[in-house]
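Asks:
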Amino acid sequence: MKIRIFTICALLSIIGLVAVSCEQTLSIKRDYDFTIQTEKYHEDLSVGETLTLNLRLDLEGEYEDAEYFVSYFLRKGEGTVSDIDWNVLNENSYYKITPDQFILHYTAVSKGSHKIELQVKDSSGKEKEFVIDLSVKE
């Protein structure tokens, strides 16, 4: 009799645990944080010289449907920004990139201090900024 009561209590405990664990919901994260990384680059250029920026995103996690976009604003100086295929990019327009590596070229056309602000955003709306300061001589 004691064994039967113990067995029934054990079974009820197991059923209770299973029922409680089934009530929990599964949450799927779709917006991971990221940071912008770049290889080292020369901060001193000459007018007409092109700087190649090798950039990548360090992702906190991966969501297979996530997309990433880059935009730039030339805060100081005059120059052009182009993609890996040398297509000139327009300021304040977003272009799709791959997070593992994207290459931008900057060609300075004036001397002095240059400041390029890159904005990277993902498809969930998370944005990060990366600033490049350059000194350009004749």
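Numbering (the numbering used here), first residue to last: 4 to 141.
Cβ atoms here follow ideal geometry from the backbone N, Cα and C, with glycine treated the same way.
If we ignore side chains and look at the alpha-carbon of each, how far apart do E67 and E120 end up?
Replies: What you label residue 67 is simply residue 64 of the sequence shown in a count that begins at 1. What you label residue 120 is simply residue 117 of the sequence shown in a count that begins at 1. About 27 Å.
Asks: Near L48, which residues of its chain fall below 7 Å by C-beta distance, leaving aside the five closest residues on each side in sequence?
Replies: Looking up residue 48 in the sequence shown gives position 45. Around L48: L54, A111, L137, V139.
Asks: Count the other C-beta atoms from every protein chain shown that fall within 10 angstroms of the C-beta of F76, then say buried if there are 16 or more, exposed otherwise.
Replies: On the sequence shown, position 73 is the one that residue 76 refers to. Counting Cβ neighbours within 10 Å, F76 comes out exposed, since fewer than 16 surround it.
Asks: DSSP puts R59 in a beta bridge; with which residues?
Replies: Residue mapping note: residue 59 aligns to position 56 of the sequence shown, counting from 1. Paired residue(s): Q40.
Asks: Residue range of the beta strand (DSSP E) that L92 falls in?
Replies: Residue mapping note: residue 92 aligns to position 89 of the sequence shown, counting from 1. From DSSP, L92 is part of no beta strand (DSSP E); its letter is neither H nor E.
Asks: For I135, does the count of other Cβ atoms within 10 angstroms reach 16, so buried, or fall short, so exposed?
Replies: Along the sequence shown, one-based indexing puts residue 135 at 132. I135 is buried by the Cβ-count criterion.
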